[in-house]
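Protein chains in written order, with our numbering: chain A, 10 to 122; chain B, 2 to 110.
The beta carbon of each residue, even a glycine, is placed where N, CA and C say it ideally should be.
As the structure is a prediction and not an experimental result, all values here were calculated from the model.
Notes for the one structure printed next.
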């Protein structure tokens, strides 16, 4: 069956540009998570949705980061006025429950020049 | 805050050997632990999990051991194969997972 998909897989942005990263979770999964993974590091939590409700956004680094999941399925992570330190792989994961095993997508590699 | 750390950044083994990857965590209240495998260019892939009410759990060729006394977690891979080469992360948490920095497992033929 289809896993978690993310698009684009690669994104190059000039500093100051806005970007939007898309996540399609596994069908029927109520929980959706975003993580940021810097080179050589483990993923770091950004935010969590249960259906369309954003229950935890404590990991978002600044108010330039915004995530939404308006219909409880597809989610978009938006970064405004990108900066070089935003360069990382952004991972999306989904889960059929609010806890436990999270299924990860392949990630979007963002490079800010 | 909660943190997890892996003991070795790189582990090199020969094909057929058993591999042991270690992880330490800081929060004694941690209740749930997961091991993930990440290959280059891919997202983390679930390997095995364990709850704090257990001290051992086995899967196919993998075993996770949990020592709550010393807050230590290990992943054992039996008969390691070249396809096991990847970065391995331990993580803890219920919804918000906290990951360690990872151990790169290199398997040589």
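Give the interface partners of residue i over in chain B, defined as CB-CB distance under 8 Å, in chain order.
i, result
"residue 110 (chain A)", "35, 47 and 50"
"residue 115 (chain A)", "42, 43 and 44"
"residue 81 (chain A)", "By Cβ distance, chain B contributes nothing, its closest Cβ being about 16 Å from residue 81 (chain A), past 8 Å."
Run through chain A and tell me which residues come within less than 7 Å of residue i, C-beta to C-beta.
i, result
"residue 98 (chain B)", "54 and 111"
For a contact defined as C-beta to C-beta under 9 Å, what are the partners of residue i on chain B?
i, result
"residue 33 (chain A)", "By Cβ distance, chain B contributes nothing, its closest Cβ being about 13 Å from residue 33 (chain A), past 9 Å."
"residue 65 (chain A)", "96 and 97"
"residue 57 (chain A)", "96 and 97"
If I'm right that residue i touches residue j with Cβ under 8 Å, what's the distance once you round it to whole angstroms?
i, j, result
"residue 56 (chain A)", "residue 76 (chain A)", "5 Å"
"residue 37 (chain B)", "residue 47 (chain B)", "6 Å"
"residue 82 (chain A)", "residue 34 (chain A)", "7 Å"
"residue 122 (chain A)", "residue 21 (chain A)", "7 Å"
"residue 99 (chain B)", "residue 4 (chain B)", "7 Å"
"residue 43 (chain B)", "residue 53 (chain B)", "Going by Cβ atoms, the distance from residue 43 (chain B) to residue 53 (chain B) rounds to 29 Å, so no, they are not a contact pair."
Which chain B residues are close to residue i, counting only those with a beta carbon under 7 Å from its beta carbon?
i, result
"residue 100 (chain A)", "44"
"residue 107 (chain A)", "96"
Run through chain A and tell me which residues come within less than 9 Å of residue i, C-beta to C-beta.
i, result
"residue 102 (chain B)", "49, 50 and 51"
Touching by the beta-carbon criterion (3+ pairs, under 8 Å), the segment 113-120 of chain A and the segment 70-85 of chain B: Touching, no, given that fewer than three Cβ pairs across the two stretches are closer than 8 Å.
Taking contact to mean 3 or more Cβ pairs, one atom from each stretch, closer than 8 Å, check whether the segment 36-54 of chain A and the segment 15-25 of chain B are in contact. Because the criterion of three Cβ pairs below 8 Å is not met, the segment 36-54 of chain A and the segment 15-25 of chain B do not touch.
For the segment 55-72 of chain B against the segment 94-107 of chain A, do three or more pairs of beta-carbon atoms, one drawn from each stretch, fall closer than 8 Å, so that the two count as touching? The segment 55-72 of chain B is not in contact with the segment 94-107 of chain A.
Inside the segment 25-105 of chain A only - beta strand (DSSP E) runs reaching at least 3 residues: Listed in chain order, the complete beta strand (DSSP E) runs (minimum 3 residues) inside the segment 25-105 of chain A are 28-33, 40-46, 53-59, 62-65, 74-77, 84-88 and 97-104.
Considering only residues of the segment 69-97 of chain B, which uninterrupted beta strand (DSSP E) runs meet the minimum length of 3 residues and lie entirely inside it, listed in chain order? Runs of the beta strand (DSSP E) inside the segment 69-97 of chain B: 73-78 and 87-93.
Using a Cβ-Cβ cut-off of less than 7 Å, give me the residues of the segment 13-34 of chain A that come near chain B, in sequence order. So nothing in the stretch comes that close.
Which runs of the beta strand (DSSP E) at least 3 residues long sit entirely within the segment 27-61 of chain B? Give them in chain order. DSSP runs (the beta strand (DSSP E)) wholly in the segment 27-61 of chain B: 33-39, 46-52 and 57-59.
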